[in-house]
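Student: In my numbering, the protein residues as written are 7 to 125.
Glycine is no exception: its CB is placed at the ideal position from the N, C-alpha and C atoms.
Please read all numbers here as calculations on a predicted model, not as lab measurements.
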Amino acid sequence: MANILIVDDAKFMRMTLSNILANGGHEVVGEAENGEQAVDMYNDLLPDLVTMDITMPEMNGLEALKAILEKNPTATIIMCSAMGQQKMVVEAIEMGAKDFIVKPFDESRVLEAIDRVLR
7 MANILIVDDA KFMRMTLSNI LANGGHEVVG EAENGEQAVD MYNDLLPDLV TMDITMPEMN
67 GLEALKAILE KNPTATIIMC SAMGQQKMVV EAIEMGAKDF IVKPFDESRV LEAIDRVLR
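(1) What are the partner residues of Gly36, as DSSP defines its beta bridges?
(2) Less than 8 Å between C-beta atoms, sequence neighbours within five positions excluded: which residues of the same chain meet that for Val35?
(3) Taking Cβ positions, are Leu68 and Ile60 nearer each other than 8 Å?
(4) Which one of Pro63, Ile83, Val95 has the shortest CA to CA distance from Arg122?
(5) Just to check my reading of the structure: Leu6 and Leu55 have Cβ atoms closer than 8 Å, yes? What is that Cβ distance to the nearest angstrom?
(6) Return helix, strand or coil for Ile74, following the three-state DSSP convention.
(7) Give the secondary structure of Thr57 by DSSP, where H, G and I count as helix, E and B as strand, and everything else as coil.
(8) Leaving out five residues on either side along the sequence, give the residues of the same chain with a beta carbon under 7 Å from the beta carbon of Arg115.
(9) In the DSSP output, which residue or residues are listed as bridge partners for Met85?
(10) Considering only their Cβ atoms, is the gap separating Met21 from Asn40 smaller than 8 Å?
(11) Which stretch, first to last residue, makes up the alpha helix (DSSP H) that contains Gly41?
Printed below as a string of C-alpha coordinates:
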(Lines of atoms letter the chains of each structure in order from A and count residues from 1; the text may use other names and numbers.)
(Lines give C-alpha, C1' and ligand atoms only; values in the text may rest on other atoms or scores of the structure.)
Protein backbone atom coordinates (compact mmCIF):
# COMPACT_ATOMS: atom_id res chain seq x y z
CA MET A 1 0.00 0.00 0.00
CA ALA A 2 1.26 3.45 -0.90
CA ASN A 3 0.36 6.97 0.20
CA ILE A 4 -0.47 8.88 -2.96
CA LEU A 5 -0.95 12.53 -3.85
CA ILE A 6 -3.21 13.08 -6.88
CA VAL A 7 -2.62 16.23 -8.93
CA ASP A 8 -5.13 17.17 -11.64
CA ASP A 9 -7.10 20.33 -12.36
CA ALA A 10 -10.22 18.30 -13.22
CA LYS A 11 -12.20 17.13 -10.19
CA PHE A 12 -13.68 14.25 -12.20
CA MET A 13 -10.19 12.96 -13.05
CA ARG A 14 -9.10 13.19 -9.41
CA MET A 15 -12.21 11.28 -8.36
CA THR A 16 -11.70 8.59 -11.00
CA LEU A 17 -8.06 8.12 -10.05
CA SER A 18 -8.89 8.15 -6.35
CA ASN A 19 -11.39 5.30 -6.84
CA ILE A 20 -8.91 3.26 -8.89
CA LEU A 21 -6.20 3.71 -6.25
CA ALA A 22 -8.55 2.82 -3.39
CA ASN A 23 -9.58 -0.34 -5.27
CA GLY A 24 -5.90 -1.19 -5.59
CA GLY A 25 -5.41 -0.88 -1.83
CA HIS A 26 -3.61 2.47 -1.87
CA GLU A 27 -4.37 5.51 0.25
CA VAL A 28 -4.94 8.93 -1.29
CA VAL A 29 -3.40 11.36 1.20
CA GLY A 30 -4.13 14.53 -0.76
CA GLU A 31 -5.48 16.08 -3.94
CA ALA A 32 -4.11 19.19 -5.64
CA GLU A 33 -5.72 21.22 -8.45
CA ASN A 34 -2.56 22.80 -9.84
CA GLY A 35 1.22 22.58 -9.75
CA GLU A 36 1.68 25.18 -7.01
CA GLN A 37 -0.65 23.29 -4.66
CA ALA A 38 1.11 20.06 -5.62
CA VAL A 39 4.54 21.36 -4.60
CA ASP A 40 3.23 22.70 -1.26
CA MET A 41 1.28 19.53 -0.51
CA TYR A 42 4.20 17.30 -1.47
CA ASN A 43 6.45 19.06 1.02
CA ASP A 44 3.79 18.75 3.77
CA LEU A 45 2.69 15.18 3.10
CA LEU A 46 5.83 13.53 1.66
CA PRO A 47 3.74 10.88 -0.15
CA ASP A 48 5.24 7.66 -1.53
CA LEU A 49 4.02 8.60 -5.00
CA VAL A 50 2.48 11.47 -6.96
CA THR A 51 0.25 11.21 -10.02
CA MET A 52 0.82 14.47 -11.90
CA ASP A 53 -1.35 15.86 -14.68
CA ILE A 54 0.68 17.67 -17.35
CA THR A 55 -1.69 20.45 -18.39
CA MET A 56 -2.86 22.61 -15.46
CA PRO A 57 -3.34 26.29 -14.67
CA GLU A 58 -0.90 28.41 -12.60
CA MET A 59 1.96 25.91 -12.72
CA ASN A 60 1.89 22.99 -15.15
CA GLY A 61 2.90 19.42 -14.40
CA LEU A 62 6.40 19.77 -15.85
CA GLU A 63 7.16 22.83 -13.71
CA ALA A 64 5.76 21.12 -10.61
CA LEU A 65 7.77 17.96 -11.39
CA LYS A 66 10.93 20.05 -11.60
CA ALA A 67 10.17 21.93 -8.36
CA ILE A 68 9.45 18.74 -6.41
CA LEU A 69 12.54 16.93 -7.72
CA GLU A 70 14.78 19.90 -6.92
CA LYS A 71 13.87 19.59 -3.23
CA ASN A 72 13.34 15.82 -3.20
CA PRO A 73 15.46 14.07 -5.86
CA THR A 74 14.07 10.68 -4.83
CA ALA A 75 10.39 11.67 -5.29
CA THR A 76 8.38 9.10 -7.24
CA ILE A 77 6.17 10.86 -9.78
CA ILE A 78 3.99 9.36 -12.51
CA MET A 79 2.76 11.75 -15.19
CA CYS A 80 -0.84 11.63 -16.45
CA SER A 81 -1.27 12.66 -20.04
CA ALA A 82 -3.94 12.92 -22.66
CA MET A 83 -3.31 11.41 -26.07
CA GLY A 84 -1.10 13.63 -28.20
CA GLN A 85 1.16 14.81 -25.36
CA GLN A 86 3.99 12.39 -26.18
CA LYS A 87 6.57 15.15 -26.48
CA MET A 88 5.80 16.44 -22.98
CA VAL A 89 5.75 12.90 -21.58
CA VAL A 90 9.23 12.26 -23.00
CA GLU A 91 10.40 15.55 -21.52
CA ALA A 92 8.92 14.61 -18.12
CA ILE A 93 10.65 11.21 -18.14
CA GLU A 94 13.95 12.89 -19.06
CA MET A 95 13.43 15.29 -16.13
CA GLY A 96 12.95 12.41 -13.70
CA ALA A 97 9.34 11.22 -13.82
CA LYS A 98 9.28 7.46 -13.24
CA ASP A 99 6.46 6.55 -15.64
CA PHE A 100 3.27 7.85 -17.24
CA ILE A 101 -0.35 6.82 -17.54
CA VAL A 102 -2.69 7.86 -20.33
CA LYS A 103 -6.17 9.33 -19.99
CA PRO A 104 -8.86 8.10 -20.01
CA PHE A 105 -7.56 5.93 -17.16
CA ASP A 106 -7.59 2.15 -17.49
CA GLU A 107 -7.70 0.67 -13.98
CA SER A 108 -5.33 -2.23 -14.60
CA ARG A 109 -2.79 -0.03 -16.44
CA VAL A 110 -2.82 2.56 -13.64
CA LEU A 111 -2.27 -0.05 -10.92
CA GLU A 112 0.43 -1.83 -12.98
CA ALA A 113 2.35 1.44 -13.44
CA ILE A 114 2.15 2.19 -9.72
CA ASP A 115 3.29 -1.29 -8.70
CA ARG A 116 6.14 -1.10 -11.20
CA VAL A 117 7.55 2.22 -9.96
CA LEU A 118 7.16 1.35 -6.27
CA ARG A 119 9.01 -1.96 -6.59
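Tutor: From the atom records:
(1) Leu11
(2) Asn9, Ile10, Leu11, Leu51, Pro53
(3) yes
(4) Ile83
(5) One cannot answer for residue 6 here, as it falls past the ends of the chain, which runs 7 to 125.
(6) helix
(7) strand
(8) Ile107
(9) Met58, Phe106
(10) no
(11) 41-51
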